[in-house]
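A short worksheet on the structure shown next.
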Amino acid sequence: MSTAPALADWPHLFHPAEAEDAPVLLTLHGTGSNEREIATLASRLDPRAGVLSPRGLVRENGMPRWFRRLGEGVFDVDDVLTRAGELAGFLRAAREHYDLGARPLVAVGFSNGANIALATAMLHPDALSRVVALSGMYPFGDRDEAGDLDGVRVTTLNGSEDPMAPLSSVDHLVAVLREKGAQVDQHVRPGGHGIAPEDLATAADAVRRAG
(Lines of atoms letter the chains of each structure in order from A; the text may use other names.)
(Lines give C-alpha, C1' and ligand atoms only; values in the text may rest on other atoms or scores of the structure.)
Protein backbone atom coordinates (compact mmCIF):
# COMPACT_ATOMS: atom_id res chain seq x y z
CA MET A 0 0.00 0.00 0.00
CA SER A 1 1.37 3.42 -0.91
CA THR A 2 1.78 6.23 1.58
CA ALA A 3 0.92 9.71 0.32
CA PRO A 4 3.48 12.44 1.06
CA ALA A 5 2.70 15.31 3.37
CA LEU A 6 1.36 18.44 1.71
CA ALA A 7 4.79 20.09 1.65
CA ASP A 8 6.27 17.04 -0.11
CA TRP A 9 3.48 16.60 -2.69
CA PRO A 10 4.42 18.50 -5.88
CA HIS A 11 1.74 21.10 -6.51
CA LEU A 12 1.17 24.75 -7.18
CA PHE A 13 -1.26 27.17 -5.60
CA HIS A 14 -2.41 30.63 -6.61
CA PRO A 15 -4.96 32.43 -4.41
CA ALA A 16 -8.22 33.71 -5.83
CA GLU A 17 -8.37 37.33 -6.98
CA ALA A 18 -11.94 37.85 -5.79
CA GLU A 19 -13.53 37.19 -2.42
CA ASP A 20 -16.42 35.25 -3.96
CA ALA A 21 -14.35 33.28 -6.52
CA PRO A 22 -13.86 29.51 -6.28
CA VAL A 23 -10.61 27.59 -6.23
CA LEU A 24 -10.11 25.40 -9.30
CA LEU A 25 -8.53 22.03 -8.61
CA THR A 26 -6.86 21.31 -11.96
CA LEU A 27 -5.95 17.65 -12.52
CA HIS A 28 -3.76 16.69 -15.46
CA GLY A 29 -3.96 13.73 -17.81
CA THR A 30 -1.31 11.04 -18.33
CA GLY A 31 2.06 12.49 -19.30
CA SER A 32 1.13 16.07 -18.47
CA ASN A 33 1.81 17.92 -15.23
CA GLU A 34 0.40 20.38 -12.73
CA ARG A 35 1.68 23.45 -14.58
CA GLU A 36 0.30 22.59 -18.01
CA ILE A 37 -3.21 21.82 -16.77
CA ALA A 38 -3.25 24.93 -14.54
CA THR A 39 -3.21 27.13 -17.65
CA LEU A 40 -6.86 26.14 -18.20
CA ALA A 41 -7.92 28.06 -15.11
CA SER A 42 -7.63 31.54 -16.64
CA ARG A 43 -9.86 30.43 -19.52
CA LEU A 44 -12.55 29.15 -17.17
CA ASP A 45 -12.57 31.84 -14.47
CA PRO A 46 -9.73 34.38 -14.39
CA ARG A 47 -10.74 35.44 -10.86
CA ALA A 48 -10.47 31.92 -9.44
CA GLY A 49 -7.73 30.49 -7.29
CA VAL A 50 -5.80 27.49 -8.59
CA LEU A 51 -4.72 24.37 -6.73
CA SER A 52 -2.90 21.98 -9.03
CA PRO A 53 -1.21 18.81 -7.68
CA ARG A 54 0.81 16.28 -9.65
CA GLY A 55 -0.18 12.62 -9.97
CA LEU A 56 2.09 10.39 -7.87
CA VAL A 57 2.00 7.27 -10.09
CA ARG A 58 4.48 6.73 -12.94
CA GLU A 59 3.73 4.85 -16.15
CA ASN A 60 6.77 4.59 -18.42
CA GLY A 61 8.08 7.68 -16.69
CA MET A 62 4.88 9.67 -17.19
CA PRO A 63 2.85 11.07 -14.27
CA ARG A 64 -0.55 9.50 -13.66
CA TRP A 65 -3.10 9.42 -10.86
CA PHE A 66 -3.52 5.65 -10.52
CA ARG A 67 -2.31 2.42 -12.07
CA ARG A 68 -3.99 0.75 -15.02
CA LEU A 69 -3.76 -2.79 -16.32
CA GLY A 70 -4.30 -1.78 -19.95
CA GLU A 71 -5.93 0.94 -22.03
CA GLY A 72 -9.21 1.70 -20.29
CA VAL A 73 -8.69 -1.11 -17.72
CA PHE A 74 -8.06 0.42 -14.32
CA ASP A 75 -6.52 -1.12 -11.22
CA VAL A 76 -9.61 -0.36 -9.13
CA ASP A 77 -7.95 -1.10 -5.80
CA ASP A 78 -5.33 1.50 -6.68
CA VAL A 79 -8.05 3.94 -7.74
CA LEU A 80 -9.56 3.62 -4.26
CA THR A 81 -6.19 4.17 -2.58
CA ARG A 82 -5.22 7.16 -4.71
CA ALA A 83 -8.63 8.81 -4.35
CA GLY A 84 -8.21 8.56 -0.59
CA GLU A 85 -4.78 10.15 -0.86
CA LEU A 86 -6.10 13.01 -2.97
CA ALA A 87 -8.96 13.59 -0.52
CA GLY A 88 -6.39 13.83 2.28
CA PHE A 89 -4.34 16.29 0.20
CA LEU A 90 -7.42 18.45 -0.33
CA ARG A 91 -8.29 18.54 3.36
CA ALA A 92 -4.72 19.50 4.22
CA ALA A 93 -4.57 22.13 1.46
CA ARG A 94 -7.86 23.70 2.55
CA GLU A 95 -6.44 24.19 6.04
CA HIS A 96 -2.90 25.16 5.00
CA TYR A 97 -4.03 27.75 2.43
CA ASP A 98 -6.85 29.01 4.66
CA LEU A 99 -9.55 28.36 2.06
CA GLY A 100 -12.34 28.32 4.62
CA ALA A 101 -15.67 27.54 2.97
CA ARG A 102 -14.55 28.73 -0.47
CA PRO A 103 -15.93 26.41 -3.20
CA LEU A 104 -13.42 23.91 -4.61
CA VAL A 105 -14.20 22.82 -8.18
CA ALA A 106 -12.20 20.03 -9.78
CA VAL A 107 -11.48 20.43 -13.48
CA GLY A 108 -9.80 17.27 -14.72
CA PHE A 109 -8.83 15.95 -18.14
CA SER A 110 -8.76 12.23 -18.99
CA ASN A 111 -6.91 10.46 -16.16
CA GLY A 112 -7.31 13.65 -14.12
CA ALA A 113 -11.05 13.61 -14.73
CA ASN A 114 -11.20 10.00 -13.61
CA ILE A 115 -9.43 10.63 -10.30
CA ALA A 116 -11.66 13.67 -9.70
CA LEU A 117 -14.75 11.54 -10.28
CA ALA A 118 -13.46 8.74 -8.05
CA THR A 119 -12.60 11.17 -5.26
CA ALA A 120 -15.99 12.87 -5.38
CA MET A 121 -17.80 9.52 -5.45
CA LEU A 122 -15.82 8.14 -2.51
CA HIS A 123 -15.07 11.30 -0.48
CA PRO A 124 -17.75 13.91 -1.22
CA ASP A 125 -16.88 15.69 2.02
CA ALA A 126 -13.51 16.59 0.47
CA LEU A 127 -14.67 17.19 -3.12
CA SER A 128 -18.23 17.70 -4.29
CA ARG A 129 -17.87 19.71 -7.54
CA VAL A 130 -16.37 18.12 -10.66
CA VAL A 131 -16.02 19.15 -14.29
CA ALA A 132 -14.82 15.99 -16.07
CA LEU A 133 -13.28 16.42 -19.53
CA SER A 134 -12.97 13.12 -21.42
CA GLY A 135 -13.52 11.10 -18.24
CA MET A 136 -15.31 7.79 -17.68
CA TYR A 137 -16.56 5.47 -14.94
CA PRO A 138 -13.52 4.87 -12.69
CA PHE A 139 -14.49 1.64 -10.88
CA GLY A 140 -14.64 -0.98 -13.64
CA ASP A 141 -17.43 -3.45 -12.90
CA ARG A 142 -17.60 -2.50 -9.22
CA ASP A 143 -20.06 -0.29 -7.35
CA GLU A 144 -18.04 1.75 -4.85
CA ALA A 145 -19.94 5.03 -4.46
CA GLY A 146 -22.08 5.91 -1.47
CA ASP A 147 -24.65 8.67 -0.98
CA LEU A 148 -23.84 11.53 -3.37
CA ASP A 149 -26.56 13.97 -2.39
CA GLY A 150 -25.11 17.45 -2.82
CA VAL A 151 -22.50 16.41 -5.40
CA ARG A 152 -22.55 18.25 -8.74
CA VAL A 153 -20.83 16.82 -11.81
CA THR A 154 -20.52 18.06 -15.38
CA THR A 155 -19.28 15.53 -17.94
CA LEU A 156 -17.91 16.56 -21.34
CA ASN A 157 -17.07 13.81 -23.84
CA GLY A 158 -16.59 13.08 -27.51
CA SER A 159 -19.10 10.68 -29.02
CA GLU A 160 -16.33 8.73 -30.82
CA ASP A 161 -13.76 8.60 -28.03
CA PRO A 162 -12.09 5.15 -27.91
CA MET A 163 -10.26 6.01 -24.67
CA ALA A 164 -13.41 7.01 -22.78
CA PRO A 165 -16.22 5.06 -24.49
CA LEU A 166 -19.66 6.60 -24.36
CA SER A 167 -21.03 3.38 -22.83
CA SER A 168 -18.78 3.94 -19.80
CA VAL A 169 -19.76 7.61 -19.61
CA ASP A 170 -23.47 6.74 -19.74
CA HIS A 171 -22.93 4.20 -16.94
CA LEU A 172 -21.09 6.85 -14.91
CA VAL A 173 -23.95 9.32 -15.32
CA ALA A 174 -26.54 6.67 -14.40
CA VAL A 175 -24.66 5.71 -11.23
CA LEU A 176 -24.13 9.31 -10.20
CA ARG A 177 -27.82 10.10 -10.59
CA GLU A 178 -28.88 6.89 -8.84
CA LYS A 179 -26.70 7.87 -5.86
CA GLY A 180 -28.23 11.35 -5.68
CA ALA A 181 -25.73 13.54 -7.55
CA GLN A 182 -26.78 16.36 -9.84
CA VAL A 183 -25.32 15.69 -13.30
CA ASP A 184 -25.10 17.66 -16.53
CA GLN A 185 -23.96 15.44 -19.40
CA HIS A 186 -22.58 16.95 -22.60
CA VAL A 187 -21.58 14.94 -25.68
CA ARG A 188 -20.03 16.49 -28.78
CA PRO A 189 -18.89 14.97 -32.06
CA GLY A 190 -15.29 13.77 -32.10
CA GLY A 191 -12.88 11.94 -29.85
CA HIS A 192 -10.53 12.33 -26.90
CA GLY A 193 -9.45 15.87 -26.12
CA ILE A 194 -10.68 19.32 -25.15
CA ALA A 195 -12.65 21.10 -27.86
CA PRO A 196 -13.41 24.85 -27.81
CA GLU A 197 -17.05 24.13 -27.00
CA ASP A 198 -15.90 22.04 -24.03
CA LEU A 199 -14.14 25.07 -22.55
CA ALA A 200 -17.22 27.24 -22.95
CA THR A 201 -19.39 24.62 -21.24
CA ALA A 202 -16.80 24.07 -18.53
CA ALA A 203 -16.60 27.80 -17.82
CA ASP A 204 -20.38 27.90 -17.41
CA ALA A 205 -20.22 24.87 -15.09
CA VAL A 206 -17.58 26.58 -12.95
CA ARG A 207 -19.77 29.68 -12.66
CA ARG A 208 -22.69 27.55 -11.47
CA ALA A 209 -20.68 25.32 -9.13
CA GLY A 210 -20.61 27.58 -6.10
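Positions 0 to 210 (numbering that gives the first Met the number 0) are the ones given, in order, by the sequence shown. Heads up, the beta-carbon is just placed ideally off N, CA and C, and yes, glycines get one too.
Asked, Found
"Does the region 34-53 come within contact of the region 66-85, defined as at least 3 CB pairs closer than 8 Å?", "no"
"Would you report the Cα separation of N157 and P103, rounded to the nearest angstrom?", "24 Å"
"How is the beta strand (DSSP E) around S159 delimited, first residue to last?", "Neither: S159 is in no beta strand (DSSP E) and is coded neither H nor E."
"Which residues mark the beginning and the end of the beta strand (DSSP E) in which R129 is found?", "R129 to L133"
"Based on the DSSP secondary-structure assignment, which residues constitute the bridge partners of L25?", "L51 and A106"
"Is there contact between the region 81-97 and the region 36-44, where contact requires at least three CB pairs shorter than 8 Å?", "no"
"Roughly how many angstroms lie between the CA atoms of V187 and S159, to the nearest whole one?", "6 Å"
"May I have the straight-line CA-CA distance separating A18 from P46, to the nearest angstrom?", "10 Å"
"Are the CB atoms of A113 and L127 within a distance shorter than 8 Å?", "no"
"Hey, how far is the Cα of S110 from the Cα of T119?", "14 Å"
"According to DSSP, simplified to helix, strand and coil, what is S151?", "A small correction: the amino acid at residue 151 is Val; Ser does not occupy that position in the sequence shown. DSSP places V151 in coil when its eight states are reduced to three."
"Quick check: the region 163-173 against the region 132-147, are at least 3 beta-carbon pairs closer than 8 Å?", "yes"
"Across which residues does DSSP place H123 in a beta bridge pair?", "Paired residue(s): none; H123 is not in a bridge."
"For E59, name the three-state secondary structure that DSSP assigns.", "strand"
"Could you tell me whether the Cβ atoms of V130 and A106 are closer together than 8 Å?", "yes"
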